[in-house]
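Engineer:
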Amino acid sequence: MRTNYIFFPAIIFCLLLAYESAYAQKPGTSIVTPYKKPKAKKKKEEGYTNIQIGGGVMGSVLYLSRNINEKNDAFGSTFIFNYGGGNQKLLRYSFQYTKFFPIDIAPTWYNVHAQTFESNVEMMVFFKNKKTVLYPFVGLSYNTFKGFFTGANDYLNLYQKYGFNNIVSNRWIGFNIGTGAEHAFGPVVIFVDYKMRVGKLEERASFTIMDICYTGGIRLKLAVPEAHVALRKLYRGINDKYHWF
1 MRTNYIFFPA IIFCLLLAYE SAYAQKPGTS IVTPYKKPKA KKKKEEGYTN IQIGGGVMGS
61 VLYLSRNINE KNDAFGSTFI FNYGGGNQKL LRYSFQYTKF FPIDIAPTWY NVHAQTFESN
121 VEMMVFFKNK KTVLYPFVGL SYNTFKGFFT GANDYLNLYQ KYGFNNIVSN RWIGFNIGTG
181 AEHAFGPVVI FVDYKMRVGK LEERASFTIM DICYTGGIRL KLAVPEAHVA LRKLYRGIND
241 KYHWF
């Protein structure tokens, strides 16, 4: 009996050892889950801003002092490049080119062509949803006006300078002031704006409102690193042998 008492615990121990060995050989049956180090999350690059590229349609009471007819606005295609305004920054810079379709301001002007180059500084006012923005702006514009001048109904007495039935070309610098609104649907931004241009009236040598413009269109928002971030990366890559990229 004593022999049985001695060998019985030994037999039990051997059976447990064999079971433990067989259980450990089965994949996925380990009682203790091995520790896995969590993957480090990639940090988003800081120092990003927005570049917006887009276009639309602009309407204008072209050269207000000369366009005395009602419902005779000129329309044209406009192309826009915006920089800034990312991360709810206060200022954004806008560059815009507009080419107007030819119009007639009968009976005084025919086949009038006009185009505008402008640059504005926009002050961003964000709504609570962070997608809708109101942006008052000021800036400068370079404007051209070219058309066939007949001299008929010439209330400004331009015939004294240009004569009758001649092609006339004018260029003038304008001071822009206006406001706009936009709403973003992801990277797509829908916008409208309204502006006035103040310039020097050639025939009277005085400053006045030269034209009134309204614009609507779509811009595409692209996120890109700011210049100083890109330069810092380049500098680090050149000077640090451990960080080339």
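Each residue of the sequence shown is one higher than the one before, starting from 1 at the first, in my numbering.
Quick reminder that beta carbons are idealized off the backbone N, C-alpha and C, glycines included.
Values in this document were obtained by computation on a predicted structure and should not be read as measured data.
Nearest-angstrom Cα distance between E182 and A152?
Structural biologist: 43 Å
Engineer: Tell me R219's beta-bridge partners as DSSP assigns them.
Structural biologist: G54, V189
Engineer: Going by C-alpha distance, which of G180, D154, L156 is nearest F137?
Structural biologist: Check the Cα spacing between F137 and each of G180, D154, L156: the tightest is with G180.
Engineer: Using 8 Å for Cβ pairs, my map puts N176 next to E118. What's the rounded Cβ distance?
Structural biologist: 6 Å
Engineer: Note down the Cα distance separating F164 from L91, rounded to an integer number of angstroms.
Structural biologist: Going by the C-alpha atoms only, they are around 48 Å apart.
Engineer: Using beta-carbon positions only, say whether F145 and A114 come within less than 7 Å of one another.
Structural biologist: yes
Engineer: In whole angstroms, what separates the C-alpha of K130 from that of G178?
Structural biologist: Computed Cα separation, rounded: 22 Å.
Engineer: Mind checking K106: buried by the 16 CB within 10 Å criterion, or exposed?
Structural biologist: Correcting the residue type first, residue 106 is Ala in the shown sequence and not Lys. Exposed is the call here.
Engineer: Can you list, in chain order, the stretches of the beta strand (DSSP E) that have 3 or more residues and sit fully within the segment 103-180?
Structural biologist: 103-105, 109-123, 132-149
Engineer: May I have the straight-line CA-CA distance separating F191 from G216, to the nearest angstrom?
Structural biologist: 6 Å
Engineer: How far does the beta strand (DSSP E) with R92 in it extend, from its first residue to its last?
Structural biologist: R92 -> beta strand (DSSP E) spans 91-100.
Engineer: Please classify R171 as buried or exposed, where buried requires at least 16 other C-beta atoms within 10 Å of its C-beta.
Structural biologist: exposed
Engineer: Compare the C-alpha of S141 against each of K128, T108, T98 and name the closest.
Structural biologist: T98
Engineer: Would you mind sorting F149 into buried or exposed? The rule is 16 or more other CB atoms within 10 Å of its CB.
Structural biologist: buried
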